[in-house]
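Structure first, commentary second.
Numbering (the working numbering), first residue to last: 15 to 335.
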């Protein structure tokens, strides 16, 4: 399979620049079909991005004989049902994160693809971003010694839409599986396990401090990695300002970086380094390259369902869902 032909379900904001263009611009990749519920919107997307076939029916796209793999770019409440349809059709799949509404659904998805001998990926694309490859290299080289602790603070002020009570699927637990925590913290929790190994124990607290929407707006958690290193997180989405700060403390030094913001990646050890490592224009570029290489059997991509199930389990424990 020299070129992997993708079909995409959903054409919302994440598919506009972050992911969609990578599927048709990356070498060895083609985006041949797109599906959306509203014909006008999906036709407009296809026209602007040069996609040849348009669908408003999920089953029609999934069963298109010219589609080798399906990218599900929809909110989490549809991931389980859609992905099982893809597995039944005998095709590879990538779902947006978080993988599903809970770890139970995610495990069913992973098992269905494994039983069919197919690949299921999850869009935890930070596992393949160059800036985090640098962090992983420092850790593997032992630049900060034995890892003792990781902490992450992620805060932001409520948006105008939050304050006005506008409809937002990201703050509807029935659609998102949680609030901004489920949508955003999943990226970091998955990344930390990629960098430091599995989280094996976790406890958390949640609150609706401002009461602007049905989901939790404040979360805190502590956890233990299998290595014995400890971790803690503070996520507050009704705070005074935006902050995105991670610190990994070791026996001989520290590493600092941001999960979302493009601040320098910093090493404080036998030498001090501050590296500016920019993202690709289409942030899922490396993720798409990795999935296609995995499907072709050329290499192993790290953002697979087996790993994403672990992240959903961690969030289940924190949110007590």
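Backbone N, C-alpha and C define an ideal beta-carbon position, used for all residues, glycine too.
Note that the coordinates shown come from a computational prediction; the quantities given were computed from them, not determined experimentally.
Query, Result
"Which residues does DSSP list as the beta-bridge partners of residue 258?", "168"
"Taking 8 Å as the threshold (C-beta atoms), are residue 137 and residue 111 in contact?", "yes"
"So residue 56 and residue 48 are in contact, right, with Cβ under 8 Å, and what is the actual spacing, rounded?", "6 Å"
"Report buried or exposed for residue 190, applying the criterion of at least 16 other Cβ atoms within 10 angstroms of its Cβ.", "buried"
"Looking at the unbroken beta strand (DSSP E) that takes in residue 217, where does it start and where does it end?", "213 to 221"
"Can you name the start and end residues of the alpha helix (DSSP H) that residue 45 belongs to?", "Segment 43 to 49 is the beta strand (DSSP E) holding residue 45; no alpha helix (DSSP H) there."
"Starting from the Cα of residue 294, find the closest Cα among 35, 24, 129, 239 and give me that residue.", "35"
"Alpha carbon to alpha carbon, how far is residue 82 from residue 105?", "6 Å"
"Tell me, which residues are paired with residue 236 by DSSP?", "217, 246"
"Which same chain residues, not among the five before or five after residue 182, have their C-beta less than 8 Å away from its C-beta?", "175, 176, 227"
"Using a Cβ-Cβ cut-off of 6 Å (strictly less than) and excluding sequence neighbours within five positions of residue 113, which residues of its own chain qualify?", "120, 136, 322, 326"
"Counting only the same chain and skipping the five closest in sequence on each side, list residues whose C-beta sits under 6 Å from that of residue 252.", "172, 223, 224, 231"
"For residue 20, which residues of its own chain have a beta-carbon under 6 Å away from its beta-carbon, when the five flanking residues on both sides are left out?", "37, 45, 83, 85"
"Quick check: what's the CA-CA separation for residue 314 versus residue 157?", "26 Å"
"Assuming residue 126 and residue 164 form a contact by the criterion Cβ under 8 Å, report the distance between their Cβ atoms to the nearest whole angstrom.", "With 8 Å as the limit, residue 126 and residue 164 do not qualify as a contact, their Cβ atoms being about 33 Å apart."
"Opposite residue 22 in the DSSP bridges: which residues?", "48, 85"
"Which first and last residues belong to the alpha helix (DSSP H) in which residue 106 is found?", "Element bounds for residue 106: not the alpha helix (DSSP H) but the beta strand (DSSP E), 106 to 109."
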